[in-house]
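Note that full-length UniProt numbering has the sequence shown beginning at 1, numbered continuously upward.
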Amino acid sequence: MAAAAASAAALDPNNSSKNTLKLENTEKRDTLVAIEKKYQAQWKENKVFEVDAPTLSEVPAGTMSAAELREKYPKFFGTMAYPYMNGTLHAGHSFTASKVEFMAATARMEGKKALFPLGFHCTGMPIKACADKLADEVKKFGKYFEGYKDEDENTSTVAAPTQEVKGEQQEKFSGKKSKAAAKTVKMKYQFQIMLAIGIPLEEIHKFADALYWLQHFPPLAIRDLDSLGAGIDWRRQFVTTDANPYYDAFVRWQMNRLHELGKIQYGNRYTIYSPKDGQPCMDHDRTEGEGIGPQEYTAMKLRVKEWAPEIAELVKGKIEDDAKVYFVPATLRPETMYGQTCCFLGPKIEYGIFKVKEKEYYICTKRGAWNMAFQGTFFDSEHFPKTQDQLPTVLTAPGSAFVGTLVDAPLSFHKEGVRILPMEGVSASKGTGVVTSVPSDSPDDYATLLDLAKKPEYYGIKKEWAELEIFPLIETPTYGNLTAPTLVKQLKINSPKDVNQLAQAKELAYGEAFYKGTMIVGEFKGEPVSAAKDKIRKALYESGDAFAFADPMGKVVSRSGDDCVVAYLGQWFLNYGENDAEWQQETLNHVANTLNTYANETKNGFEKNLSWLNRWACARTYGLGSKLPWDQQFLVESLSDSTVYMAYYTIAHLLHSDRYGETKGPLNLTADQMIDEVWDYVFCRREISDELVTKSGISKDALQAMRREFEYWYPLDVRVSGKDLIQNHLTFFLYIHIALFPPEYWPCGVRANGHLLLNGDKMSKSTGNFLTLKDAVDKFGADATRIAFADAGDGIEDANFEESVANSNILRLFTLKEWIEDVIKDDSLRTGPADHFWDKVFDNELNSLVREAKKNYQECV
1 MAAAAASAAA LDPNNSSKNT LKLENTEKRD TLVAIEKKYQ AQWKENKVFE
51 VDAPTLSEVP AGTMSAAELR EKYPKFFGTM AYPYMNGTLH AGHSFTASKV
101 EFMAATARME GKKALFPLGF HCTGMPIKAC ADKLADEVKK FGKYFEGYKD
151 EDENTSTVAA PTQEVKGEQQ EKFSGKKSKA AAKTVKMKYQ FQIMLAIGIP
201 LEEIHKFADA LYWLQHFPPL AIRDLDSLGA GIDWRRQFVT TDANPYYDAF
251 VRWQMNRLHE LGKIQYGNRY TIYSPKDGQP CMDHDRTEGE GIGPQEYTAM
301 KLRVKEWAPE IAELVKGKIE DDAKVYFVPA TLRPETMYGQ TCCFLGPKIE
351 YGIFKVKEKE YYICTKRGAW NMAFQGTFFD SEHFPKTQDQ LPTVLTAPGS
401 AFVGTLVDAP LSFHKEGVRI LPMEGVSASK GTGVVTSVPS DSPDDYATLL
451 DLAKKPEYYG IKKEWAELEI FPLIETPTYG NLTAPTLVKQ LKINSPKDVN
501 QLAQAKELAY GEAFYKGTMI VGEFKGEPVS AAKDKIRKAL YESGDAFAFA
551 DPMGKVVSRS GDDCVVAYLG QWFLNYGEND AEWQQETLNH VANTLNTYAN
601 ETKNGFEKNL SWLNRWACAR TYGLGSKLPW DQQFLVESLS DSTVYMAYYT
651 IAHLLHSDRY GETKGPLNLT ADQMIDEVWD YVFCRREISD ELVTKSGISK
701 DALQAMRREF EYWYPLDVRV SGKDLIQNHL TFFLYIHIAL FPPEYWPCGV
751 RANGHLLLNG DKMSKSTGNF LTLKDAVDKF GADATRIAFA DAGDGIEDAN
801 FEESVANSNI LRLFTLKEWI EDVIKDDSLR TGPADHFWDK VFDNELNSLV
851 REAKKNYQEC V
């Protein structure tokens, strides 16, 4: 996220925090920071945050159940979404971390064993895409880099940039432009992004190696969280991907078991796809469009019967006389096709005629054809095009050239044909750019036809083309059988320019027809629209009058800067949703009856997401990650290898002593010994056996030690993440836990927090309203920053970190320190037992505050 955010910053690397509070007198802050550092060092030296399950000496094996062990030795286990390692931690990361930190600290004060571990997410495209961009930039600007030689000379193209880069390239790379220019120039190169996030110029070349990111950023995250005083057990840290072979074995176990359970399947489906990257583009692979999925349309085939004069001249000699040429409007309402009276094109939009096969052609926008190219229309999945130049384009022309063309509209009651007419509101960035008109049920279409009929000469059409008879199709209880004309009249819509009223009318028309409407024409006359819709679509497909077409529901841009399309291709997917109704219902029941969501909005978000979330592509071919065990041409997708890693925290410190798994842990096990059956035993899916000991080479004592840790710490008490992750990661987290673990170990709670504002505004590097965790602690110290995080907000609504609050906390803390020191120095304080009436009042007041604080922490209010 950090690199993506930085890409929008101005060239000046110091611009990102220019609008934040500047401190002038820092003496009091520096005094407090010195105290903080002293005790943070003691905590680390005394390992106060390193906590384990009760030892065998405390509770001998077999003397009590896991539940009894947790009851005798109460515990708290909380986690946050591990941060992605393409930058340092910003204040938003830190706000989420503070929620776990505060809950863990409260549990620790209650006498519980409190565990807050953290790992580092490196899976997926972002790191690899950025590294590849850097490598390309070195090649592109090689003459400006020390030691660069042409590839033909067999010399590495990844060399350190010189300090003597001059002129235009110096400005591009180092950001040394005027202040005025810095306000307007956006970063174009990955080098500039790296500079903006604080990487020295002479170090940037190292990041052309994707694995270097895994080395560079985790220590900085640890540094920054330690400086905040976060009580994290760093023994349990790890990086994802096969860079850590132990974690890699854990991910392979997870995917194998899901595959065996039938939760992972292979099949053809629509998915958001990056042509440049040559693979599906899932949420975490995007710089724009997170949460956007494919929208399936019915693409009608309106065959040309008679060309308009202008286009007739253009197609001469380019299309066979007996060829079939179709306009292909994409509709979400196939049940209304009986009422087609014309077909709209944007007069200023460029359209193409594309060859589908011998003597068959489609007319649509190039963008529409580009989507079709990945859905089997022009190419098969083995030969997807790389660029739009590969589309089988016969010719291109503006929409105005086609106006007046007569076409045959399948199902339409106007059997003699309908005309191509102009519509200014057609979008070139949606669907096919071709819109079939049903004025009986589409307010937009009806309003446009009224306008065309008023000024036919202005639009260059014949009036009668816009005045074909409008037939009733659907009976509705509220708007009768001509929904669109009724709504246009009721809402006083006078022209196609009344966009707000038309948007309202469209929503009302569709909702009324789908949920309450009844077909009064056609083969399915008398049936509810909700039932007839799919039957009519299927009939159109079977007759060859239409075909399936899909488009992203909004703009999606990959991390590599590619505008994504929808592809229909074979892939491995997790079978979420109604495709596995039993799994879906079990997860819904857990949310409704057991899971503590702390806020009704979070619970409602889960229930809504579980009701519509469907199959999810869980494999890719580009990026970093673990290989899919049974099909190693694929990597496990980044949101699919990070669903149950909370369980891995429970034993990570026993497996390895560093985040990369290069040094064995206390059990002296190799990653190869962690076979699937061992994970099954640790996570309570099977019992111990001599066969397991023999096959794995792991002693019973070591196996039991791992299981003891898992059984004690699980289930997870709370998972804290941003509310935007409800729609993917947090829902997957619930699904996979329920699939893989016994019910006793299903998650207890999920706490979703809002986004963090800074000084009341959205954080943005480009405006200078931005703060990293390091910035905050350096500026205000740990304790003042922590209080500001606590003050920012606790609900699912967006929170606000006020620098003025953090700054005022410095004075309050310093004053408190001074007062305590004065009190301690004062020898006049009363000694002896604190049994006076006012002592008891004071004690009672403190107890009351403790109880209230405890209750509020448990409920997070």
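Every residue gets a Cβ at the ideal spot worked out from N, C-alpha and C, and that includes glycine.
In the displayed model, M85 falls within coil according to three-state DSSP, outside both helix and strand. Where Q254 is concerned, the enclosing alpha helix (DSSP H) starts and stops at P245 to E260.
Taking a C-beta distance under 8 Å as the contact criterion, M80 and V100 qualify as a contact pair.
DSSP places D226 inside the alpha helix (DSSP H), whose first and last residues are A210 to S227.
Straight-line measurement puts the Cα of K762 at about 26 Å from the Cα of P218.
The C-beta distance from E350 to P398 rounds to 6 Å, short enough to fall under 8 Å. Counting only runs of 4 or more residues that sit fully inside the segment 729-816, the alpha helix (DSSP H) segments are 729-740, 773-780 and 782-792, in chain order. Residue burial is scored here from C-beta neighbours: T621 has fewer than 16 other C-beta atoms within 10 angstroms and is therefore classed as exposed. Per the DSSP secondary-structure output, N575 pairs with nothing in a beta bridge. Along the length of the segment 26-85, whole alpha helix (DSSP H) runs at least 4 residues long occupy 27-46 and 66-72, reported in chain order.
Taking C-beta atoms under 8 Å as the contact rule, L773 and D224 qualify, at a distance of about 4 Å.
Listed as beta-bridge partners of H383 by DSSP are no residues whatsoever. For M300, the enclosing beta strand (DSSP E) starts and ends at P294 to M300. Apart from the 5 residues on each side of it in sequence, M194 sits with its Cβ closer than 7 Å to the Cβ of I204 and F207 in its chain, given in chain order. Of all C-beta pairs linking the segment 332-339 to the segment 351-366, fewer than three are shorter than 8 Å, placing the two stretches out of contact.
Bridge pairing for C343: I420 and T436 [DSSP]. With the rule of 3 Cβ pairs closer than 8 Å, the segment 340-347 counts as touching the segment 395-411. Here P275 really is in contact with V565; their C-beta atoms are around 6 Å apart, less than 8 Å. About 3 Å separates the CB atoms of T432 and G368; that is less than 8 Å, so the two are in contact.
Taking C-alpha positions only, E467 is separated from D445 by approximately 12 Å. For D775, the closest of N844, S57, K113 and A221 by C-alpha to C-alpha distance is A221. Straight-line measurement puts the Cα of V777 at about 40 Å from the Cα of E744. Exclusion of the five residues before and after F814 leaves K28, T31 and L32 as the residues of its chain whose Cβ lies within less than 7 Å of its Cβ.
Three or more Cβ pairs closer than 8 Å define a contact, and the segment 523-530 falls short of that threshold against the segment 231-250. Comparing alpha-carbon positions, the option among E586, E36 and G376 lying closest to L569 turns out to be G376. The secondary-structure analysis by DSSP pairs S558 across a beta bridge with R286. In this structure C130 is in contact with Q190, their Cβ atoms being roughly 6 Å apart against a cut-off of 8 Å. Cβ atoms of D827 and E36 stay farther apart than 8 Å, at about 29 Å. For S530, the three-state secondary structure derived from DSSP is helix. Taking 8 Å as the cut-off, the Cβ atoms of I319 and Y266 do not count as close. In the DSSP secondary-structure assignment, K324 is bridged to E360. Rounded to the nearest whole angstrom, the CA to CA distance from N86 to Y510 is 44 Å. Looking at F732, P329 and G665, the one whose alpha-carbon comes closest to that of T643 is F732.
Rounded to whole angstroms, T476 and G517 show a C-alpha spacing of 5 Å.
Shown here, M553 sits in coil according to DSSP, grouped into three states, outside any helix or strand. In the three-state scheme derived from DSSP, where H, G and I count as helix and E and B as strand, Q192 is classed as helix.
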